[in-house]
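Read in the working numbering, the sequence shown has 689 at position 496, and its numbers run on one by one without any break.
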Amino acid sequence: VMYKRILQQAGFIQFAQLQFLEAKELFRSGQLDVRELISLYPFLLPTSSSFIRSHPPLHEYADLNQLTQGDQEKMTKCKRFLMSYLNEVRSTEVANGYKEDIDTALLKLYAEANHESLLDLLVSENFCLLTDSAAWLEKHKKYFALGLLYHYNGQDAAALQLWVKIVDGDIQDSTRSDLYEYIVDFLTFCSDQDLVWKYSEWILQKNEEIGVQIFTKRPLEEQEKTSINPDDIISCLNKYPKARVKYLEHLVLERKIKKEKYHTHLVVLYLDAILQLKSVTTDNCPETMELLFKLRSLLQKSDLYRIHFILDKIQGTDLHMESAILYGKLEEHEKALHILVHELKDFHAAEEYCIWNSENKDTQYRRRLFHMLLSVYLNPGTSDCALVVAAVDLLNNHAADFDAALVLQLVPDSWSVQLLSPFLAGAVRQSIHTKRMTQAALGLAQAENLIYKYEKVKQKGTPILLSDKKVCQVCQNPFCEPVFVRYPNGGMVHTHCAANRHLNSNMTTHHASSSSNQ
């Protein structure tokens with residue numbers, strides 16, 4: 194004990210001479226109660242600490258001011274040493290029993306020195322005493338750090354209140370320039386729904402598109418439990434049109450919720466936004482083009498919105514492509530193709546229409562669509578050269594999607610073989626391929642049928658005759674019913690007799706048809 198005390202005293206002598214490395218080694222060797230060192234620094238020990246310096250004292254200094262004789266540079270060096278020393282010992286056995294004193298002192302040093310490790314201390318496991326630490330952080334205007342301290346101690350409401358004041362400019366703290374985004378992220382993962390609702394208006398007023406993330410980026414397991422009702426969120430977002438669209442996109446496109454009202458609502462919002470933009474400018478600006486792309490994609494991929502309702506809203510507008518998609522959903526393909534060919538004159542879109550409408554459908558359905566398109570091109574009432582060229586291109590590019598015999602009945606007699614040579618070559622190739630594949634399939638089916646016939650003959654085997662003269666090998670009584678059990682050795686017994694015997698040999702149950710000649 195005396196030796197340790199001498200080491201500790203030697204440590205303080207070295208410390209007073211600013212020989213910090215030597216002092217640190219002596220403090221460690223002498224197992225110094227670190228609070229002896231902390232107590233030299235005014236106000237670092239918590240007010241609630243019960244620490245009393247050892248008696249007789251280990252050194253002659255009342256505090257750091259006396260030791261450094263008011264020299265600010267020396268004082269700064271001493272504080273820097275204590276920061277380093279406390280950071281090293283806080284996770285060792287030296288700290289056992291008074292971790293609160295050590296962490297609270299370290300927080301005070303970091304805050305006073307504006308040290309970057311202050312935030313690291315507060316976001317990791319720590320034992321900082323709330324009352325002392327909060328007063329110190331407030332004194333040094335470390336309001337963001339104070340919010341982290343409140344959060345660590347389970348006081349999220351107090352933390353948010355502080356951070357919101359910083360963003361609003363009521364109090365000054367430049368720790369984080371992205372504090373608004375930090376609050377959004379904080380609320381996104383906050384399990385306290387009351388807090389989320391309390392600050393949702395403030396968040397959305399600041400920035401709709403970023404603010405809506407408090408609803409769209411919530412953990413998936415929480416969303417699936419529907420802890421916050423999507424309908425309540427949509428009602429809240431009615432004042433914020435951009436946020437409302439983002440949230441509905443989240444429900445429909447990301448979470449893929451199969452509810453008609455969400456799908457219809459999103460389509461209507463896209464539609465209203467497009468018509469609003471078109472009323473302001475006749476040119477399709479990038480924003481309009483993006484909305485049109487989103488609307489068309491949703492109309493094509495979703496089957497849940499109210500088609501007739503949307504079609505009524507589109508009537509009388511120049512949204513012809515969208516009308517065609519809706520008619521396609523109603524299986525009114527001729528109307529849709531007529532719009533694409535005669536009103537939009539977009540032949541490529543007409544071909545694409547046939548392709549996407551026949552996805553996951555059989556060949557006959559696909560052919561029917563392409564034949565419809567060909568009929569629209571070759572309508573007797575039209576003599577447009579562009580339509581003739583489009584019809585020829587359609588046949589030559591999609592030969593496999595047509596019934597060649599029907600096409601030859603449709604095309605005008607004036608068309609030359611040379612004009613349709615790619616189509617005819619493809620059709621003949623396809624016809625020969627189909628014939629050969631059918632022959633191969635037929636041959637395989639016949640071979641399979643032969644195998645089954647052979648198996649059937651094999652299964653029948655040698656006939657077994659049962660007459661009223663045959664007797665059961667177990668009970669020696671004649672058979673009264675055409676049902677029996679046959680053992681592998683050829684012996685026949687009643688079914689009930691066989692059930693009473695525990696034989697391991699395999700047996701086969703036969704149903705013999707009773708007739709007069711058996």
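Virtual Cβ for every residue (Gly too), placed ideally from N, Cα, C.
ask   = What is the DSSP secondary structure of PHE677, counted as helix, strand or coil?
value = Judged by DSSP in its simplified three-state form, PHE677 adopts strand.
inquiry  = Quick check on the DSSP output: the alpha helix (DSSP H) that includes ALA328 runs from which residue to which?
reply    = 323 to 332
query = Per DSSP, which one or two residues make a beta bridge with PRO239?
reply = None; PRO239 has no bridge partner.
inquiry  = Measuring alpha carbon to alpha carbon, tell me which residue in LEU504, SER568, ASP555, ASN550 is nearest HIS535.
reply    = SER568
query = Which stretch, first to last residue, makes up the alpha helix (DSSP H) that contains GLY619?
reply = 614 to 653
ask   = If we count the other Cβ atoms within 10 Å of its Cβ and call it buried at 16 or more, is GLN201 buried or exposed?
value = buried
query = Between the beta-carbon of LEU315 and the beta-carbon of ALA338, is there less than 8 Å?
reply = yes
ask   = What is the DSSP secondary structure of PRO249, counted as helix, strand or coil?
value = In the structure shown, PRO249 adopts coil according to DSSP, grouped into three states.
ask   = From this set, GLU545, LYS454, GLY654, CYS673, which residue's C-alpha is nearest LYS662's C-alpha?
value = CYS673
query = Apart from the five residues just before and just after ASP361, which ones in its own chain have a Cβ nearer than 6 Å to its Cβ?
reply = Hits under 6 Å: none found.
inquiry  = With H, G and I counted as helix, E and B as strand and the rest as coil, what does DSSP make of PRO412?
reply    = coil
key: Three CB pairs or more closer than 8 Å across the stretch 637 to 651 and the stretch 604 to 618   = no
inquiry  = Would CYS578 and LEU566 qualify as a contact pair, given that the criterion is a beta-carbon distance under 8 Å?
reply    = No, these two residues do not count as a Cβ contact at 8 Å.
Span of the alpha helix (DSSP H), counted from its first residue to its last, around SER472 = Per DSSP, SER472 belongs to the alpha helix (DSSP H) from 453 to 473.
message = Assuming the contact rule is C-beta atoms closer than 8 Å, TYR498 and GLU545 should be a hit. Round their C-beta distance to whole Å, please.
response = That pair is no contact at about 21 Å.
Touch test, the stretch 288 to 307 against the stretch 252 to 262, Cβ-Cβ under 8 Å, three pairs minimum = no
Whole-angstrom C-beta distance between LEU238 and PHE244, which should lie under 8 Å = 6 Å
task = Can you say whether VAL712 is buried or exposed, counting buried as having 16 or more other CB atoms within 10 angstroms of its CB?
result = Coverage of the chain is limited to positions 194 through 711, which leaves residue 712 absent and any answer about it impossible.
task = Could you have a look at PRO605 and say whether DSSP puts it in helix, strand or coil?
result = coil
message = What does the alpha-carbon distance come out to for the pair THR457 and ILE364?
response = C-alpha separation (whole angstroms): 45 Å.
request  = Give the DSSP-derived three-state secondary structure of THR701 in the structure shown.
outcome  = Caution applies to THR701, whose pLDDT of 45 falls short of 50 and renders its modelled position unreliable; the model cannot decide the point.
query = Under three-state DSSP, which class holds VAL610?
reply = coil
message = Counting C-beta neighbours from all protein chains within 10 Å, is the total for ASN319 16 or more, i.e. buried, or is it exposed?
response = Burial check for ASN319: the Cβ neighbour count within 10 Å reaches 16 or more, so the residue is buried.
task = Could you pull out every unbroken alpha helix (DSSP H) segment of at least 4 residues lying fully inside the stretch 467 to 528, listed in chain order?
result = Counting only runs that start and end inside the stretch 467 to 528, the alpha helix (DSSP H) elements of at least 4 residues fall at 479 to 494, 500 to 507, 513 to 522.
message = Please report the distance separating the alpha-carbon of MET700 from that of LYS649.
response = Because the pLDDT at MET700 is just 44, under 50, the model does not fix this residue reliably, and the value given afterwards should be weighed accordingly. Each residue's alpha carbon lies about 20 Å from the other.
task = Below 8 Å on the Cβ atoms is my guess for LEU519 versus ILE503; work out the distance and round it to an integer in Å.
result = Indeed they touch by this definition, with Cβ atoms about 6 Å apart.
message = Please report the distance separating the alpha-carbon of ASP313 from that of LEU492.
response = 49 Å
query = When burial is assigned at 16 or more other CB atoms within 10 Å of the CB, is GLN265 buried or exposed?
reply = exposed
request  = Compute every distance between the C-beta of THR688 and the non-hydrogen atoms of the ligand FMN, then say whether any falls below 7 Å.
outcome  = As far as ligands go, the structure on display features none, and thus does not contain the ligand FMN.
key: Every unbroken beta strand (DSSP E) inside the stretch 337 to 414 [3 residues or more]   = none
ask   = What is the rounded straight-line gap between the Cα of LEU523 and the Cα of ASN590?
value = 27 Å
task = Give me the Cα-Cα distance between HIS687 and GLN652, rounded to the nearest whole angstrom.
result = Approximately 23 Å, taken between the alpha carbons.
query = How big is the Cα-Cα spacing for LEU484 and ILE427?
reply = 20 Å
Chain-order list of residues whose beta-carbon lies under 6 Å from that of PRO671 (same chain, five-residue window excluded) = ASP661, VAL664
ask   = At what residues does the alpha helix (DSSP H) containing LYS270 begin and finish?
value = LYS270 -> alpha helix (DSSP H) spans 265 to 282.
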